[in-house]
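Notes follow once the structure below has been shown.
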Amino acid sequence: MGSVSAAIRAALVVLGAVSLSWPAIYNGFPLLYPDSVSYLASGRKIAQALFLHRFSGDYGARSVFYSLAIIPLHWGTAPWLVVAMQCLLVAWVVWLVVRSIAPRSGVLGYMSLILSLSLLSSAGWYAAFIMPDILAPVLCLAIYLLAYAGDALSRMERIALGAVAWWSITAHATHLLLACGLCLLLAAAAAFERKRHSGNCRAGDFKAVGLVAVIVVAAVASQLAVYGLLYGTPSLNGRHPPILMARVIADGPGRWYLEQHCPQVHWAVCDHLPSLSADPNTLLWGSDAPYEPATESEKRRFEAEEMPLVLATLRAYPWQEFTRAAANFRDQLRWFGLFGFNWNERMPELLNAAMPQLTSSYLRSRQARDALHLVPLSRLEWWVIVASLAVIAGLAPFSLRRASCRLAGLSLVIAATVIGNACITGVLSQPNHRFQCRVMWLVPFLAGVLLLDWLARWKAKGQLPSQIHR
248 MGSVSAAIRA
258 ALVVLGAVSL
268 SWPAIYNGFP
278 LLYPDSVSYL
288 ASGRKIAQAL
298 FLHRFSGDYG
308 ARSVFYSLAI
318 IPLHWGTAPW
328 LVVAMQCLLV
338 AWVVWLVVRS
348 IAPRSGVLGY
358 MSLILSLSLL
368 SSAGWYAAFI
378 MPDILAPVLC
388 LAIYLLAYAG
398 DALSRMERIA
408 LGAVAWWSIT
418 AHATHLLLAC
428 GLCLLLAAAA
438 AFERKRHSGN
448 CRAGDFKAVG
458 LVAVIVVAAV
468 ASQLAVYGLL
478 YGTPSLNGRH
488 PPILMARVIA
498 DGPGRWYLEQ
508 HCPQVHWAVC
518 DHLPSLSADP
528 NTLLWGSDAP
538 YEPATESEKR
548 RFEAEEMPLV
558 LATLRAYPWQ
568 EFTRAAANFR
578 DQLRWFGLFG
588 FNWNERMPEL
598 LNAAMPQLTS
608 SYLRSRQARD
618 ALHLVPLSRL
628 EWWVIVASLA
638 VIAGLAPFSL
648 RRASCRLAGL
658 SLVIAATVIG
668 NACITGVLSQ
678 PNHRFQCRVM
688 WLVPFLAGVL
698 LLDWLARWKA
708 KGQLPSQIHR
């Protein structure tokens with residue numbers, strides 16, 4: 248693959264991106280979620296505040312970095328270019344990973360893998376989704392490339408991957424936690440390799456780990472600076488709904504604490520204690536929720552009460568909250584399906600309020616008509632995951648005998664991403680098919696890369712060991 252010309256490489260990535268975009272084409276419009284409207288609508292106010300110093304009291308409750316980055320790609324009109332950008336990003340990162348591990352698989356190997364991912368996994372669905380969800384797996388692959396395959400990248404590719412990783416981290420609060428966890432894991436792997444006195448593996452290269460850590464620190468500094476400018480107080484995610492408060496209340500221990508201590512603490516949430524739901528979404532969103540219809544001053548009280556309630560609950564009921572968190576993690580790990588793309592009844596109202604020019608186009612889409620056939624597609628994805636795990640298990644002995652640092656690094660990073668994502672989203676928010684499905688396509692991707700590597704080695708058996716050793 249290294250001998251492929253730049254023009255052919257670009258053409259392959261474009262073809263891969265086109266194949267990934269099929270869910271949006273099939274739908275007749277980019278896939279949307281209620282949060283998508285906030286990302287699309289708030290970008291203009293954020294840009295005016297940062298570049299024209301026209302500050303506003305509210306910039307939405309979502310990442311300003313994702314909103315800001317996609318503004319030039321939609322300018323308030325149909326966000327097809329956002330889909331194009333995300334598909335190109337996934338296709339490019341997949342190309343780099345395949346090139347780093349199975350360079351002899353050639354054009355056919357890459358196209359076979361990207362087409363399989365497009366048709367049989369959730370990769371294309373999330374690339375065609377106007378949400379930062381696709382950036383979680385992109386972040387995972389970028390970290391692998393920077394940490395384990397930096398010597399297979401050009402200088403410009405390393406710079407571009409660093410920028411992609413930085414943006415991915417800033418695009419969602421869970422991505423920062425995921426990146427920090429991967430950083431710690433890479434540092435542990437580097438220490439382990441150093442202890443084994445293994446000098447020929449990137450896993451033992453602390454400089455590579457340090458590069459990833461620098462990107463994480465740069466992302467944190469950027470968030471503190473930008474949110475500090477917008478809101479007057481440095482923070483990592485600006486103003487946000489009290490999601491952790493809703494989580495501990497829905498789990499039970501938070502409600503128990505409020506029932507016992509509301510007469511003493513006089514919190515705003517105590518005024519709604521009799522009507523608090525066991526569903527964290529119902530606690531936050533909807534006309535009957537205590538948070539969404541509240542006045543601005545009441546919302547600020549809810550937000551200020553979040554961490555005191557969470558910490559008090561953890562002190563009062565540590566074991567009960569731990570068992571609920573463990574159950575949520577277990578459920579999130581096994582819940583993955585395309586059901587996050589179902590029709591949402593709030594969409595017409597949200598679009599009419601924020602971006603009415605998109606309403607008619609969206610209502611003509613399959614998503615708006617609830618005609619995406621998500622149940623059979625989710626079943627297919629489940630069986631693809633099962634088959635991929637079987638392929639990984641079958642090829643693992645071969646890969647272990649080869650002792651490939653890059654294969655080991657990719658496997659480690661993907662496994663940590665799948666497990667870490669379930670822990671972060673399930674414990675801190677709630678188990679949801681959409682949250683885990685966004686990273687599950689990494690499992691068939693890993694199986695595909697292992698298969699390409701095995702096929703390339705099998706075909707090269709007739710060559711001298713010095714010719715096939717990398």
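Residue numbers (our numbering): 248 to 717. Each residue gets a CB set at the ideal place from its N, CA and C atoms; glycine is no exception.
Exposed or buried, residue i, counting other C-beta atoms within 10 Å across all chains shown (16 or more means buried)?
i: Phe682; result: buried
i: His513; result: exposed
i: Phe216; result: The structure shown does not extend to residue 216, since the chain is modelled only from 248 to 717, so the question has no answer here.
i: Ser252; result: exposed
i: Trp413; result: buried
i: Ser401; result: exposed
i: Glu543; result: exposed
i: Gly451; result: Note that Gly451 scores a pLDDT of 48, beneath 50, so its modelled location is shaky; the value from the coordinates is reported in the next line. So Gly451 counts as buried.
i: Gln614; result: buried
i: Ala435; result: exposed
i: Pro319; result: exposed
i: Asp305; result: exposed
i: Asp498; result: buried
i: Lys546; result: buried
i: Pro326; result: buried
Determine the direct distance from the alpha carbon of residue j to that of residue i, and round the result to whole angstroms.
i: Cys359; j: Val337; result: Per the sequence presented here, residue 359 reads as Ser, with Cys not at that position. Looking at the two C-alpha atoms, the distance is approximately 15 Å.
i: His487; j: Ile406; result: 31 Å
i: Phe238; j: Thr417; result: With the chain covering 248 to 717 only, the question about residue 238 has no answer from this structure.
i: Arg301; j: Lys292; result: 8 Å
i: Ala374; j: Val330; result: 6 Å
i: Val660; j: Cys517; result: 43 Å
i: Leu647; j: Leu698; result: 14 Å
i: Ala563; j: Ala643; result: 45 Å
i: Ala541; j: Leu530; result: 12 Å
i: Pro350; j: Leu675; result: 40 Å
i: Leu388; j: Val354; result: 20 Å
i: His419; j: Ala707; result: 43 Å
i: Ala399; j: Asp380; result: 27 Å
i: Gly409; j: Ala465; result: 10 Å
i: Glu553; j: Glu539; result: 15 Å
i: Arg256; j: Tyr478; result: 43 Å
i: Ala559; j: Tyr504; result: 8 Å
i: Pro527; j: Leu386; result: 28 Å
i: Val622; j: Arg441; result: 48 Å
i: Cys430; j: Ser268; result: 31 Å
i: Ser651; j: Ala294; result: 46 Å
i: Ser607; j: Arg616; result: 12 Å
i: Leu730; j: Ser415; result: A question about residue 730 goes unanswered here, because the residues of the chain that appear run from 248 up to 717.
If you run the structure through DSSP and keep just helix, strand and coil, what is residue i?
i: Phe376; result: strand
i: Leu279; result: coil
i: Phe302; result: coil
i: Gly451; result: With a pLDDT of 48 at Gly451, under the threshold of 50, the modelled position of that residue is not reliable, and the figure given next carries that caveat. Note: Gly451 maps to helix in three-state DSSP.
i: Gly501; result: helix
i: Gln732; result: With the chain covering 248 to 717 only, the question about residue 732 has no answer from this structure.
i: Leu619; result: coil
i: Leu523; result: coil
i: Thr529; result: helix
i: Thr672; result: helix
i: Arg653; result: helix
i: Arg486; result: coil
i: Phe207; result: Residue coverage of the chain in this structure runs from 248 to 717, which leaves residue 207 outside it and unanswerable.
i: Asn575; result: helix
i: Glu539; result: coil
i: Pro326; result: coil
i: Thr664; result: helix
i: Thr480; result: coil
i: Glu550; result: helix
i: Leu400; result: coil
i: His513; result: coil
i: Tyr395; result: helix
i: Gly307; result: coil
Measure the beta-carbon distance from residue i to residue j and round it to whole angstroms, keeping in mind my assumption that it falls under 8 Å.
i: Trp339; j: Val265; result: 13 Å between Cβ atoms; not a contact.
i: Gln604; j: Thr324; result: 7 Å
i: Met378; j: Asp282; result: 6 Å
i: Tyr286; j: Ile317; result: 7 Å
i: Phe588; j: Leu619; result: 6 Å
i: Gly428; j: Ala663; result: 7 Å
i: Pro489; j: Glu550; result: 6 Å
i: Arg548; j: Ala515; result: 4 Å
ask   = Can at least three beta-carbon pairs, one atom from the stretch 368 to 387 and one from the stretch 687 to 704, be found at a separation below 8 Å?
value = Judged by Cβ distances under 8 Å, the stretch 368 to 387 makes contact with the stretch 687 to 704, as three or more pairs qualify.
request  = Taking 8 Å as the threshold, find out whether the stretch 341 to 354 comes into contact with the stretch 664 to 671 through three or more Cβ pairs.
outcome  = no
Segment contact flag, the stretch 617 to 629 with the stretch 591 to 604, C-beta cutoff 8 Å, min 3 pairs = no
message = So, does the stretch 634 to 642 touch the stretch 603 to 617, judging by three or more C-beta pairs under 8 Å?
response = no
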